[in-house]
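A.B. asks:
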Amino acid sequence: MSGGVGPTCSDISLPKEQEHEFKEHNDQTSSKLSSHQTFPSLHSGATASPLKAGGGTFSFRQLNALAVVVVFSASGMVSPQDFAFVVFSMIYMNFISKVAFPALSSSKDPTVFNPKNKILRLYVLTGAIIGLLLPIAYIFEGIFEGDKEGISAASPHVFLLASQVFMEGMAFADRFSTPIRVFVPVFYNSRRIFTIVEWLKSEFSKEYEEYGGSARRLYVGRGLAIANMGFWCFNLFGFLLPIYLPRAFKKYYSAHKLKDY
1 MSGGVGPTCS DISLPKEQEH EFKEHNDQTS SKLSSHQTFP SLHSGATASP LKAGGGTFSF
61 RQLNALAVVV VFSASGMVSP QDFAFVVFSM IYMNFISKVA FPALSSSKDP TVFNPKNKIL
121 RLYVLTGAII GLLLPIAYIF EGIFEGDKEG ISAASPHVFL LASQVFMEGM AFADRFSTPI
181 RVFVPVFYNS RRIFTIVEWL KSEFSKEYEE YGGSARRLYV GRGLAIANMG FWCFNLFGFL
241 LPIYLPRAFK KYYSAHKLKD Y
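As structure tokens, then:
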């Protein structure tokens, strides 16, 4: 004891047998925690890459994206063509995962990029703000201002991007290989560029005299459409195709060769 205050660090000691059991208990506990710990997987797709939880459950980010998809579908702001595109992507993703790019092992493939890369995290966050948050706010404001034309022009892009976020989370399941993870953002990004082109045409075809909304909304809509066109064109032609796609296929086929040997 130390001065009647209580035991100091030097006063605390354990018998050798108890100390050994204590260490074993701590080691088992830490190993269980590490085996159940999950980390966010960052990849392209311009939204923040979803964290795939184990056991077939959905991540919080996926559930948010699914909520956006359901709301837009129920409100009638989604065309049958865009809805059919999402359904086709699910079917085709499962098809090529079995025919062309099967998973090489029962364990999850490693990510192409380091999940702790700060630049990549900032890039994904920027895509989420430009592609989802601001357009959703633009659409909700259009409901109050009665800008039906602006809502219908921006909705396809938001619906497809939310669907992409949900599908990327599914692609990071154990049963899908690395090329399937590439397929989702490339497939959806290519399709969304066409919807953004239509969004641009709609925004710049508005004439202020015939436009029911405010002048501020008119310029915000045009700015958002231009920003999304620039960002997602760069994402597809400057990142996905020249950088992400080759690295993903190299990683997949390198593992394929090692398995054959």
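Just so you know, UniProt numbering puts 199 at position 199 of the sequence shown, and the rest follows in order with no gaps. Positions of the beta carbon are idealized from the N, C-alpha and C atoms, including for glycine. The model shown is predicted, which means the values in this text are computed figures rather than measured ones.
Using three-state DSSP, classify A255 as helix, strand or coil.
C.D. replies: A255 falls in the helix class under three-state DSSP.
A.B. asks: In three-state DSSP terms, what is D82?
C.D. replies: It is helical.
A.B. asks: Could you check how far apart the C-beta atoms of V184 and L245 are, in whole angstroms? I think they sit under 8 Å.
C.D. replies: Actually they do not touch by this definition, with Cβ atoms about 12 Å apart.
A.B. asks: If I180 and M93 are in contact, beta carbons under 8 Å, what's the gap, nearest whole angstrom?
C.D. replies: Correct: roughly 6 Å between the Cβ atoms.
A.B. asks: When the Cα of F72 is compared with those of S97, L161, K250, which residue comes out closest?
C.D. replies: Closest by alpha carbon: L161.
A.B. asks: Assuming P135 is part of the alpha helix (DSSP H), what are its boundary residues?
C.D. replies: Counting along the chain, the alpha helix (DSSP H) containing P135 begins and ends at 134-145.
A.B. asks: Which residue wins for smallest C-alpha separation from L241, given the options Q164, N189, V124?
C.D. replies: The residue with the shortest Cα to Cα distance from L241 is N189.
A.B. asks: Could you check if N235 is buried or exposed, using at least 16 other CB atoms within 10 Å of its CB as the buried criterion?
C.D. replies: Buried, because 16 or more other Cβ atoms sit within 10 Å of the Cβ of N235.
A.B. asks: Using C-beta distances below 7 Å, list every residue in its chain close to A65, excluding the 5 sequence neighbours before and after it, in chain order.
C.D. replies: For A65, where only same-chain residues beyond five positions count, the Cβ hits under 7 Å are A162, V165, F166.
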